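A.B. asks: Would you mind keeping the following structure in view while I ask a few things?
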Amino acid sequence: MAAEPLLQVRDVARRFGGIVALDGVSLDVPAGIVFGLIGPNGSGKTTLLNIITGFVRADRGTVSFDGRPIRGLPSYRIARLGLSRTFQSSRCPQRMTVMENMLLAAANQSGESLGAAILQFRRVRAEERANLERAREILATVNLAAKVDELAGNLSGGQKKLLSLAQALMSEPKLILLDEPVAGVNPILVQEIGSVIRSLCDAGRNFLIVEHNMSFIRATCDRVAVLDTGRLIAEGEPDEVLARENVLRAYLARPTAEAPA
Amino acid sequence: MLQVVIDGLIRTAELSLIAVGLTMVYGILRFGNFAHVEFATLGSFLVLPLAALGIAFPLAALLAIVATGLVGVLLDRAIFRRLRSAPPEMLMIASFALGIMIRESVRAIWGPSPYLYQLGVLRPIRIGDFGRITPIQIGIIVAAAVAILVFHALLSRTRLGTAMRATADNAPLAQASGINTERIIATVWLIGAGFGALGGVLVGLNTQVKADTGFALIVEVFAATILGGIGNPYGALLGAAIIGFAESISLAINWSPLLTWLGFEVRGFVFIPTGYKTAIPFAILILTLLVRPQGILGARR
Amino acid sequence: MTEFLIYLATTGGIAAMLALSLNLQYGLAGLVNLGQIAFFMIGGYVSAIIVMLGGQTIAIGILGGTVAAALFGILMALPTARLRQDYWAISTLAAAEIVRLFFLNTAFGSPYFGQAFGIDGIPQPYRRAFTEAGLTTSNYNLFYLGLVLVSLLAIFLILRWLAGTPFGRTLKAIREGDHVPLALGKKVSGFRLRAMAIGGAVGGFAGALFAHYNAFINPEYFVPIETFIIWAMVILGGAGNFLGAVVGTVIITTIYNSTRFIASFASQRDLELTPIIGFIFEPRVLGPLRMVLIGLMILLVILYLPRGLVPERRRRYGR
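Chains as they are written, first to last, in this note's numbering: chain D, 14 to 274; chain F, 2 to 302; chain S, 13 to 331.
See below:
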């Protein structure tokens, strides 16, 4: 494994009002693998994801990505460094088509600047054409090629998850953070999403996945870390970690707890 | 100086009643109802035909308030209930359109000229050498205070109040624990629109009954609501007091010491021109939004 | 009658520019701007002041009005990053009223220039040339109508083209929330700022054209209800579609002005009116009723036709 982890989280803490969401979490995500982050509802997984991607501020601690400190940067700048994420509820714009969603996700588009859109329209057009081709390829790998002109809002839950993943790929990120990529997805599509992620990893993509579906985690992840009430309680190979007694206890203690935001 | 206090209190009374209703509906349905201020207009006008029938003013006002509350419930059933899952901006625009419909209907029915409530001649009462207060003004302040106390008791002492607070906190959870949320929503519209109507009647008592009564107050009412933390009825009271007194005090203050202190060359007294009076709550609103958008009592999210 | 129709088409064309501008802000970027009329007012006042007090040409005046309104748009956009949508909406209403109160309370040089009096005698472009060539006011009005329609067409084409660029696409993503665009590396605040600046410029340009056409402006022209009428045009036509904004303008302008015809028609024919119909046709009732009608139409559109008469089009990429 590489000496320098791709993503390094050190002693990150965060409270909401009086509630401790994260209590000094440290985590190394190396390149080249699919890394799973699990834990019971309310254990702080999504908060950690939000802190890493700049959507929530940490009270203390550091986060560095690809050797650069990123804590405190606005989320759009973190994204531009090559850290792409999806959201739990797959919020990709519903009133845009699948292809528009994909083109939206391309990084460094000169056509987003008004000056370039007016003065360098040839370059913008060439970029659009290249992005279109790449989007078609990615959509083909996630089996959405037939849906290019469908509004994202008309897709099924599982297809929306795939579209979010495809969007994340479109920006050619160094690390992709997936927040519950298979929650509420039918079992066949779960397997499909898992194999898409595996083959992307083999092709050199890096993943950090937050998920509840244990069989998916076992089948997809090379390594997992377990959060419970804001602390990291275990880390290692999925089969070994999931058999540990303190991990089982953490899950059994609050089997039906409501997930706070 | 007493005049400033009386003006501030009356403004507070009017604004707080309207703002409480706005903030309650917001607390449950999560959208800023731009039509809410029109309940004040509607309520103040509905008194007129009732009073013309010879019904005593307090009873006529009460009937008008109840009627306006029912209109609120009806409008929710007819319009907003169908839009429960619509995006909030659609609700805002729908409420803006509805507000215009209410206001212009009032104008079409009652005509463009303002009305006065016929209450006979009431002599002002002198308070020492400080100034005067009219019985109407006392009535306005007392009516608002009683209404707010009743509201507080309702919210904190009754099962209905508990259910209302639970629904505002977390509607799906409230529904799961056996609260009929649609009925609570209807109750909130009834009370909210009714309080708005009372506020409008008080404005009518203090000045005139006009089709523009509600819309002229929209920024003040929203400012009071946001200032107090939207969704929080007690915050709305505080916000109303701040806006109400800010208007009367800032006009009465001689600003020249402050300007001198800031280094400006000032001669004589400097007052804010009364033409800018209506701009004061607007400026407070924008300042609040810039500095503390969650309101004074609101928690930072 | 023809004169009136030309007047209607000219003011309608100017209103359509406002609708196009709002469609960019709301239809594309999802910005609920309830202070749209402020752009119009700033454009008109600034242009009139530059020309009449600054002694500049009308072209410079119109440019100045356009730029001033664009700057005001930027100012309005600044708090969007920190504010929730509904808070921002009410603050735009407040901002527009502050602008109106400023012009209502400020005299420029003399008591008859500004304040409640407004500004009278605003020069009209090429007016003298028309007089010297012996052409009539009708000729001039036709010329101005042409000027407005050509400008409208240009604005329409530019905005519609803009909507298809990556810039416009990002605006469409932002209207459904900040999170996804931020996670994709888009600086959302910058996009909103530019949408408001462009919207402001178009609104200001329309305001300047109006001031130099009408030759008179006063604060009464710029009350909040005017913003609602522009909203009605966009919602009815179909938010997100620029052609829809124009269609909406035509319909709303027609309804708004048709009451005038109905009233004169009713009085000319001396119809045997039942008490209720007679009541409706009284001008003091008809005026408010047309607003009720427009409000009702908007509610019906929101309830039963939420995408408007000319729904937003999908760009197709399928092969």
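Glycine included, each C-beta is placed from N, C-alpha and C at the ideal position. On a predicted model such as this, the values are computed, not experimentally measured, just so you know.
#1: Ser124 (chain F) versus chain S: which residues are under 7 Å apart at the beta carbon?
#2: According to DSSP, is Lys215 (chain D) helix, strand or coil?
#3: Just to confirm before moving on: does the CB-CB distance between Thr214 (chain F) and Thr42 (chain F) stay below 8 Å?
#4: Taking Cβ-Cβ distances shorter than 8 Å, what residues in chain D pair up with Pro318 (chain S)?
#5: With a cut-off of 8 Å, does the C-beta of Glu125 (chain D) fall near any C-beta of chain S?
#6: With 8 Å set as the bound, which would you pick, yes or no: does the beta-carbon of Ser270 (chain S) sit closer than that to a beta-carbon of chain F?
#7: Once you ignore the five residues that flank Thr66 (chain D) on each side, which residues in its own chain have a CB closer than 6 Å to its CB?
#8: So Asn117 (chain S) contacts chain F; which residues on that side make the cut at Cβ distance below 9 Å?
#9: How about Tyr89 (chain D): is its C-beta nearer than 8 Å to some C-beta of chain S?
#10: Note down, one range per segment and in chain order, each beta strand (DSSP E) of at least 3 residues found wholly within the stretch 179-209 of chain S.
#11: Which of the three DSSP states is assigned to Met14 (chain D) in this structure?
#12: Per the DSSP calculation, Ser97 (chain D) is bridged to which residue(s)?
#13: Between the alpha carbons of Met309 (chain S) and Leu248 (chain S), how many angstroms are there, rounded?
#14: Give the range of the beta strand (DSSP E) segment to which Gly37 (chain D) is assigned.
#15: What residues from chain S crowd round Gln101 (chain D), counting only those whose CB sits closer than 8 Å?
#16: How should Arg328 (chain S) be labelled, buried or exposed, when 16 other C-beta atoms within 10 angstroms of its C-beta is the threshold for buried?
#17: Is the beta carbon of Ala26 (chain D) sitting closer than 8 Å to the one on Asp41 (chain D)?
#18: Kindly indicate which residue of S:Tyr233, S:Phe254, S:Phe168 has the alpha-carbon position closest to the one of Ala128 (chain S).
#19: Identify each residue in the stretch 84-104 of chain S for which the Cβ-Cβ distance to at least one residue of chain F is less than 7 Å, and report them in chain order.
#20: Taking the beta strand (DSSP E) that Arg139 (chain S) falls in, what are its first and last residues?
#21: Select from the stretch 190-215 of chain F all residues with a C-beta closer than 9 Å to any C-beta belonging to chain S, and list them in chain order.
#22: Does DSSP put Arg279 (chain D) in a helix, a strand or coil?
#23: Ignoring anything shorter than 4 residues, give me the alpha helix (DSSP H) runs that lie fully in the stretch 173-227 of chain F, in order along the chain.
#24: Checking 8 Å against the spacing of the C-beta atoms, do Leu183 (chain S) and Leu40 (chain S) come in under that value?
#25: Can you give me the C-alpha to C-alpha distance between Val162 (chain S) and Val292 (chain F), rounded to a whole angstrom?
#26: Helix, strand or coil for Gln21 (chain D)? Go by DSSP, reduced to three states.
#27: Can you tell me where the alpha helix (DSSP H) holding Val107 (chain F) begins and where it ends?
#28: Between Ala232 (chain D) and the rest of its own chain, which residues show a CB-CB distance below 6 Å, the 5 nearest in sequence each way excluded?
#29: Nearest to Thr265 (chain S) by alpha carbon, out of S:Phe240, S:Asn253, S:Gly252?
#30: Could you compute how far the alpha carbon of Ala272 (chain D) sits from the alpha carbon of Thr59 (chain D)?
#31: Hey, quick one: how far does the beta strand (DSSP E) through Phe125 (chain S) stretch, first residue to last?
#32: By Cβ distance, which residues of its chain are closer than 7 Å to Thr242 (chain D), with the 5 residues on each side in sequence left out?
#33: Ordered along the chain, which non-local residues of its own chain (more than five positions away) have a Cβ less than 7 Å from that of Cys33 (chain D)?
#34: At 8 Å on the CB atoms, spell out the chain F contacts of Arg325 (chain S), in chain order.
#35: Between Ala82 (chain S) and Gly216 (chain S), is the Cβ-Cβ spacing less than 8 Å?
#36: From Leu255 (chain S) to Phe222 (chain S), what distance separates their C-alpha atoms?
C.D. replies: In terms of the structure at hand:
#1: Rather than Ser, the amino acid found at residue 124 (chain F) in this sequence is Arg. Chain-order list of chain S residues neighbouring Arg124 (chain F): empty, with the shortest C-beta distance near 36 Å, by a criterion of under 7 Å.
#2: The displayed chain sequence assigns Asp, not Lys, to residue 215 (chain D). Helix at Asp215 (chain D).
#3: The Cβ atoms of Thr214 (chain F) and Thr42 (chain F) sit closer than 8 Å to each other.
#4: Neighbours of Pro318 (chain S) on chain D: none; closest Cβ ~11 Å, over 8 Å.
#5: Answer yes: the Cβ-Cβ gap between Glu125 (chain D) and chain S drops below 8 Å somewhere.
#6: no
#7: The residues are Ser88, Ile91, Arg98.
#8: Those are Pro274, Gly276, Tyr277, Ala280, listed as they occur along chain F.
#9: yes
#10: Given a length threshold of 3 residues, the stretch 179-209 of chain S has no whole run of the beta strand (DSSP E) inside it.
#11: Here Met14 (chain D) scores only 46 on pLDDT, less than 50, and its place in the model should not be relied on; the value that follows carries that caveat. Under the three-state reduction of DSSP output, Met14 (chain D) falls in the coil class, being neither helix nor strand.
#12: D:Ile189
#13: The straight-line gap from Cα to Cα measures roughly 8 Å.
#14: 32-42
#15: Result: empty, since nearest Cβ-Cβ is about 11 Å, beyond 8 Å.
#16: exposed
#17: No, they are not a contact pair.
#18: S:Tyr233
#19: Pro91, Arg94, Leu95, Gln97, Asp98, Tyr99, Ala101, Ile102, Ser103
#20: Unbroken run through Arg139 (chain S) is the alpha helix (DSSP H), 139-144; no beta strand (DSSP E).
#21: Taking 9 Å as the Cβ-Cβ cut-off against chain S, the residues of the stretch 190-215 of chain F that qualify are Ala212.
#22: Here chain D comprises residues numbered 14 to 274, so residue 279 (chain D) is not present and cannot be evaluated.
#23: 182-207, 214-217
#24: yes
#25: 44 Å
#26: strand
#27: 89-111
#28: Cβ-Cβ distances below 6 Å link Ala232 (chain D) to Gly207 in the same chain, with the five nearest sequence neighbours on each side left out; the list follows chain order.
#29: S:Phe240
#30: Residue confidence is low: Ala272 (chain D) scores 36 on pLDDT, short of 50, so the model does not pin down where it sits. Its coordinate-derived value is still stated next. Answer to the nearest angstrom: the Cα atoms are 10 Å apart.
#31: Neither: Phe125 (chain S) is in no beta strand (DSSP E) and is coded neither H nor E.
#32: Ser56
#33: Reading off the sequence, residue 33 (chain D) comes out as Val, not Cys. Gly243, listed in sequence order.
#34: Here the premise fails: no neighbours, minimum Cβ distance about 20 Å.
#35: yes
#36: 22 Å
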